[in-house]
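Reviewing the structure listed below.
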Amino acid sequence: MLEASRLFAQHRRRHEVRSRLETLTPCEREVLRLVISGLSSQVIVQRLGTSAKTIDVHRARTTSKTESESLATLVRDVLQNQITV
């Protein structure tokens, strides 16, 4: 019974994270993918050919839209739940 409860909670958390990720724009998703892959904001700026301010805005909106405590927390949730962004 305890195992079933744990699995249900895990499934519910995965669903919550996926639902929140669906609110992101394609640009926000791309920035999140690059953050998850370990790239710094400066490298992301160079890779996407945009300004540092734009990347900062995407990072902030991603955190806000997903109701995460921080971008690091969101990255952890995505990785722990094995979610493809």
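Our numbering applies: residue 59 is where the sequence shown begins, and numbers increase by one. For glycine and all other residues, C-beta sits at the position ideal for the given N, C-alpha and C.
A Cβ-Cβ distance of about 6 angstroms is found for the pair residue 89 and residue 113, placing them in contact under the 8 angstroms criterion.
Taking all protein chains shown into account, residue 80 has fewer than 16 neighbouring C-beta atoms within 10 Å of its C-beta and is therefore exposed. By the beta-carbon neighbour count (other beta carbons within 10 angstroms, threshold 16), residue 116 is buried. With a cutoff of 9 angstroms on beta-carbon distance, residue 123 and residue 92 are scored as not near each other. Between residue 141 and residue 72, the CB-CB gap stays under 9 angstroms.
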